[in-house]
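See structure below.
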Amino acid sequence: MPRGAPLTARVLVLLAGALLAGCASAPPAAVRPPSPADGRCGALTRALPDTLDGRDRRDVTPVSPATAAWGQPPVRLRCGVSRPAGLTPTAELIVINGIEWQLRETTRAYVFTTAHRAPRVQVSVPGSTPREQATGPLVDLTGPLRAATRPARDL
186 MPRGAPLTAR VLVLLAGALL AGCASAPPAA VRPPSPADGR CGALTRALPD
236 TLDGRDRRDV TPVSPATAAW GQPPVRLRCG VSRPAGLTPT AELIVINGIE
286 WQLRETTRAY VFTTAHRAPR VQVSVPGSTP REQATGPLVD LTGPLRAATR
336 PARDL
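Structure representation (structure tokens):
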């Protein structure tokens, strides 16, 4: 911008730059789709919210109807996962709004897997999330899970 440019023009250029910087979205989150894919998962991913516990939904890579992600670092959802080894008839479960979850803690994430639902869903919450807040995303998933998955007898 020339030195003698009016103040209004300089302010407009600065505002335009700030707006463009705000439009930059996060790169797609890597979320490994389950294999084999469960055809029932498309209904769930279409029903998922745009915002999850204050985190905005973002693109995933590879693109799959069985995965979703929100925020940075991302909360990751995988639909159609197999039963984890620790999910047994005597496993301790967490109940959030009537949906049962098994929790497995790793150094990097809190990994929640639905019990008694089909298809089975796994949600990974970043380990940087305080433990007492790790179930927050599960609350926002209650409605879509009830609408797009069904109760199942097996774990």
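Here the sequence shown stands for residues 186 to 340, where the numbers follow this note's numbering.
By construction, the Cβ of each residue, glycine as well, lies at the ideal position given by its N, Cα and C atoms.
Are the Cβ atoms of residue i and residue j separated by less than 8 Å?
| i | j | result |
| --- | --- | --- |
| P218 | P247 | yes |
| P322 | V266 | no |
| C243 | P304 | According to the sequence as given, residue 243 is Arg; it is not Cys. No, Cβ-Cβ distance for R243 and P304 is not below 8 Å. |
| D235 | G256 | no |
| V306 | L272 | no |
| L229 | A333 | yes |
| A300 | Q287 | yes |
| N282 | T314 | no |
| R289 | L330 | no |
| V245 | P213 | yes |
| V216 | A254 | yes |
| P336 | P258 | no |
Going by alpha carbons, who is nearest to residue i out of the options?
| i | options | result |
| --- | --- | --- |
| S220 | T252, Q287, L237 | T252 |
| R316 | A215, T292, A222 | T292 |
| Y166 | E285, G283, T320 | It is not possible to answer for residue 166, since the shown part of the chain is limited to 186 through 340. |
| S249 | A222, L233, A232 | A222 |
| L340 | A211, G312, L278, G239 | L278 |
| G227 | G239, A211, C264 | C264 |
| R338 | S210, E285, F297, R231 | E285 |
Tell me the DSSP secondary structure of residue i in three-state form.
| i | result |
| --- | --- |
| A211 | coil |
| A253 | strand |
| T230 | helix |
| R263 | strand |
| R240 | strand |
| R316 | helix |
| T291 | coil |
| P221 | coil |
| P336 | strand |
| V216 | coil |
| V248 | coil |
Which residue comes first and which comes last in the alpha helix (DSSP H) that contains residue i?
| i | result |
| --- | --- |
| T327 | 321-333 |
Check for me: the beta strand (DSSP E) holding residue i runs from which residue to which?
| i | result |
| --- | --- |
| S309 | 306-311 |
| G273 | Residue identity check: residue 273 is Thr in the sequence provided, not Gly. No beta strand (DSSP E) contains T273, which DSSP labels as neither H nor E. |
| T298 | 294-300 |
| V280 | 279-281 |
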